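Count along the sequence shown from 1, add 1, and you get the number used in the working numbering.
These notes are about the structure you will find just below.
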Amino acid sequence: MSSYALACTRFIYETGANTFIVGRSMDWAEDPGTDLWSFPRGLKRDGGAGPGSVEWTSKYGSVISSFYNIATVDGMNDAGLVANALYLVESDYGDAKASGKPLISVGAWTQYALDNFSTVAEAVDALSKDPFAVVAPDLPGGKKAGGHLALADASGDSAIFEYIAGKLVIHHDRRYTVMTNSPTFDQQLAINAYWKGVNGLSFQPGTIGSADRFVRMSWSLGAAPKEKDPRLAVATAFSLIRSISVPLGLADPNKPNIAATIWRTVSDTGAGRYFFESSYNPSIFWVDLKKLKLEPGSAPARLDLGGRPILSGEVSDKFVPAEPFKFLSH
Numbered sequence: 002m003s004s005y006a007l008a009c010t011r012f013i014y015e016t017g018a019n020t021f022i023v024g025r026s027m028d029w030a031e032d033p034g035t036d037l038w039s040f041p042r043g044l045k046r047d048g049g050a051g052p053g054s055v056e057w058t059s060k061y062g063s064v065i066s067s068f069y070n071i072a073t074v075d076g077m078n079d080a081g082l083v084a085n086a087l088y089l090v091e092s093d094y095g096d097a098k099a100s101g102k103p104l105i106s107v108g109a110w111t112q113y114a115l116d117n118f119s120t121v122a123e124a125v126d127a128l129s130k131d132p133f134a135v136v137a138p139d140l141p142g143g144k145k146a147g148g149h150l151a152l153a154d155a156s157g158d159s160a161i162f163e164y165i166a167g168k169l170v171i172h173h174d175r176r177y178t179v180m181t182n183s184p185t186f187d188q189q190l191a192i193n194a195y196w197k198g199v200n201g202l203s204f205q206p207g208t209i210g211s212a213d214r215f216v217r218m219s220w221s222l223g224a225a226p227k228e229k230d231p232r233l234a235v236a237t238a239f240s241l242i243r244s245i246s247v248p249l250g251l252a253d254p255n256k257p258n259i260a261a262t263i264w265r266t267v268s269d270t271g272a273g274r275y276f277f278e279s280s281y282n283p284s285i286f287w288v289d290l291k292k293l294k295l296e297p298g299s300a301p302a303r304l305d306l307g308g309r310p311i312l313s314g315e316v317s318d319k320f321v322p323a324e325p326f327k328f329l330s331h
């Protein structure tokens, strides 16, 4: 198993104003060269898996976080759908070529959801038909690629998509507000059910392992106040994701689900704002989707985070037109 792995945490926080905020951390053994990108409506796409790739035209504009600029791993579209891809070592996509289905790179899976769906229910309905086969080439350096996908929308609905033993498994319920990595989501729920009988103020599992992070985040999320003030609500979401983050420099080469937190995002579905915090910088910045050029015919644009620039405040005017990155392929 790879020592370079997505080992992350995702949650949905309900505010006191009946809106929903999604937070996530990106834990990785090295800086994956993340940039932010804006992609407009009407952009022609393909699955990035070569001949036979699925093709589509984006119905929704989005802002996303890239991964080595070969994959979309996080983002929100202008309909308020949030997508978060997290590492799952148990992922098994089956034999894509033998399936006879259109192909899609695992690096394009998250973007496909953001481009095509406005709600979780819509995504579940379409993807439950299993319209394509996922191709998962190795990551840079020969590391295994694999993950599960969490979707949330402005109504607070939630779904988890996993490929286990070559089959797509969907967990759809607005109660599924937390996701980490291994084990598979059904087992995460079982582990958490046990810990619900323990008073979290007295004792909680304390390691940085995936199952323990799931339990602690579930407890913290239930204990957090539902703030009505938008600024306090975002601050609460950041406090939750920071509480579960892993210190820089910490990694276990024998456990691919453990690595330092490189960055954190908070997606405010009600306000249409996408917040980003790098562990290497002292400030938070955000993108107001209403200020991005997402109308059909607009150019894709990139916010280059190479060199770790210190940014703060709203940064939509700092995106520069750029050719979209190519999805992970052989």
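Glycine residues also receive a C-beta, built at the ideal position from the N, C-alpha and C atoms.
Fair warning: this is a prediction, and the values are worked out from it, not measured in the lab.
Going by beta carbons, Ser63 and Arg265 fall outside the 7 Å limit. The Cβ atoms of Ala225 and Ile22 lie no closer than 7 Å to each other. Taking 3 residues as the minimum length, the beta strand (DSSP E) runs contained wholly in the segment 139–174 are 148–153, 159–165, 168–173, in order along the chain. Secondary structure at Leu251: coil, using DSSP grouped into helix, strand and coil. Between the C-alpha atoms of Ser106 and Leu306 there is a straight-line separation of about 24 Å. Here the alpha carbons of Phe320 and Ala86 stand approximately 23 Å from one another.
Residue nearest to Ser100 within the set Ser66, Val135, Thr120 is Val135 (criterion: CA-CA distance). In this structure, Ala137 is the residue among Ile311, Leu82, Ala137 with its C-alpha nearest to the C-alpha of Gly108. It is roughly 8 Å from the alpha-carbon of Leu241 to the alpha-carbon of Gly24. The C-alpha of Gly51 is placed about 48 Å away from the C-alpha of Lys229. Counting along the chain, the unbroken alpha helix (DSSP H) around Tyr113 starts and ends at 110–117. In the three-state scheme derived from DSSP, where H, G and I count as helix and E and B as strand, Lys294 is classed as coil.
Excluding residues up to 5 positions away in sequence, Pro301 lie with their Cβ nearer than 8 Å to the Cβ of Glu324 in the same chain. When Pro283, Pro310, Tyr14, His331 are compared, the shortest CA-CA separation from Ala155 is found for Tyr14.
With respect to the C-alpha of Ala272, the residue from Arg303, Ile311, Arg232 having the closest C-alpha is Arg232.
When secondary structure is reduced to three states using DSSP, Pro231 falls in the helix class. Linking Val316 to Phe118 through their CA atoms gives a straight-line distance of about 25 Å. Taking every protein chain shown into account, the CB of Ile161 has 16 or more other CB atoms within 10 angstroms, so this residue is buried.
Counting every other CB atom within 10 Å of its CB across the protein chains shown gives Gln112 a total of 16 or more, marking it as buried. In this structure, Leu37 lies near Leu304, with their beta-carbon atoms less than 7 Å apart. Here Leu312 carries a coil assignment [DSSP, helix/strand/coil]. Inter-residue distance for Val179 and Asp187 is about 12 Å (C-alpha atoms, whole angstroms). Per DSSP, Glu278 is one residue of the beta strand (DSSP E) stretching across 274–279.
For the pair Leu89 and Asn182, the CB atoms are nearer than the 7 Å cut-off.
Membership of Ser100 in the alpha helix (DSSP H) is indicated by the continuous run 97–100. Counting C-beta atoms within 10 angstroms of its own C-beta, His149 has 16 or more neighbours from the protein chains shown and is therefore classed as buried.
No Cβ-Cβ contact shorter than 7 Å links Ala84 with Tyr61.
Here the C-alpha atom of Tyr94 lies approximately 25 Å from the C-alpha atom of Thr35. In this structure, Ser299 sits near Pro41, with a CB-CB distance shorter than 7 Å. In this structure, DSSP gives Phe12 an extended state, which the three-state scheme calls strand.
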